[in-house]
Every structure is written in C-alpha cells, then in structure tokens.
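Heads up: the structure comes next, in structure tokens.
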Amino acid sequence: MQYVVDTNVIVRFLTNDDEEQSKKAFEIFKRAVNQEITLFLTPIVIIECTWVLGMKRYGYSHEEIADNLTTIITSPGVKTLESDVVLKALHEYKTNRIDFADAYLAAVSTKNGVPCLTWNSKDFKKCTGVEHYRPDDVL
Numbered sequence: 001m002q003y004v005v006d007t008n009v010i011v012r013f014l015t016n017d018d019e020e021q022s023k024k025a026f027e028i029f030k031r032a033v034n035q036e037i038t039l040f041l042t043p044i045v046i047i048e049c050t051w052v053l054g055m056k057r058y059g060y061s062h063e064e065i066a067d068n069l070t071t072i073i074t075s076p077g078v079k080t081l082e083s084d085v086v087l088k089a090l091h092e093y094k095t096n097r098i099d100f101a102d103a104y105l106a107a108v109s110t111k112n113g114v115p116c117l118t119w120n121s122k123d124f125k126k127c128t129g130v131e132h133y134r135p136d137d138v139l
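Residue numbers 1 to 139, in the UniProt record's numbering, belong to the letters of the sequence shown in order.
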C-alpha cells in the first residue's frame, strides 16, 4: 500500500510530543523502512516541517531539522517528489541558515538553469551557484 504523508505524521515521529500518535507514527515509518508500505513526501510537506519544527514550541535548529528530514527522505520505503531538489535545498538550508522556501527556490533555479526573481537577494547570495535578480533589474 502507498500513502502520501501529512506534516503532522512526520512531526509526531520526530518530536514524540503525543505519546499515542508518536508511537503510531513510529510504526508507520518502521513499516516503510521494512518496505511493507511506501510513503510519499511532497516538497510542500517538507517546507511545512521545517517551519513547524523550527517554531519555539519545538525549537529544532536548522541542522537538526535538515539532518532528520534527510534521514527520512533517504530511508527505504520513502519516496519524495523532486527528491534531488529537496535534498539540495535541505543542504542549503542547513549550511546557510536561510528559510527553507528560499533554499528550495534556489535549488529549483539551479536545477533548471533559470535565475530567481526576488527582492530578498541576501539569502540567495548565500546559496551555491544561484543566479538571482531583483524585479527592478528586470524592468
């Protein structure tokens, strides 16, 4: 069986903040690793995970978030849409301590050879090999 995973399942798995749900989330990921089921992750869910886990309630660092999500994404039984882009984005997020959404856009830009258009050039300057322009530069 295959399932698309929501953010809350990943958060319960990583934080163990709800004993009952966390135990079930652990079992779900265990079944995936044993390849009894396949879990699908989307970039939107990964973005939301970085936001939720970085909130004051959980207080995970960029490094902890990136390392945990990378482990999940690369686990047997887990498939992530655009996994190459998401993994590159997690690396940029961890290394440069920028918002994951910006890291994701930078990774999409690099993969497709298309520059980013943003007023937030500060974060994009930190990313490896990302060409970026301000809207004023285009007009």
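Ideal Cβ positions, reconstructed from N, Cα and C, are used throughout, including at glycine. Treat the numbers as computed from the prediction; the structure is a model and nothing was measured.
{"Query": "C-beta neighbour in chain C for LEU81, strict 8 Å", "Result": "In the structure shown, chain C cannot be found, because there is only a single protein chain."}
{"Query": "Proximal residues to GLY129 (C-beta, below 8 Å), its chain only, five neighbours per side dropped", "Result": "THR110"}
{"Query": "DSSP-derived helix/strand/coil call for VAL45", "Result": "helix"}
{"Query": "Sequence-distant residues of its chain with Cβ nearer than 7 Å to LEU117 (five each side left out)", "Result": "TYR133, PRO135 and VAL138"}
{"Query": "The segment 12–21 contacting the segment 30–39, beta-carbon criterion three pairs below 8 Å", "Result": "no"}
{"Query": "Residue burial classification, TYR93 (beta-carbon count within 10 angstroms, cutoff 16)", "Result": "buried"}
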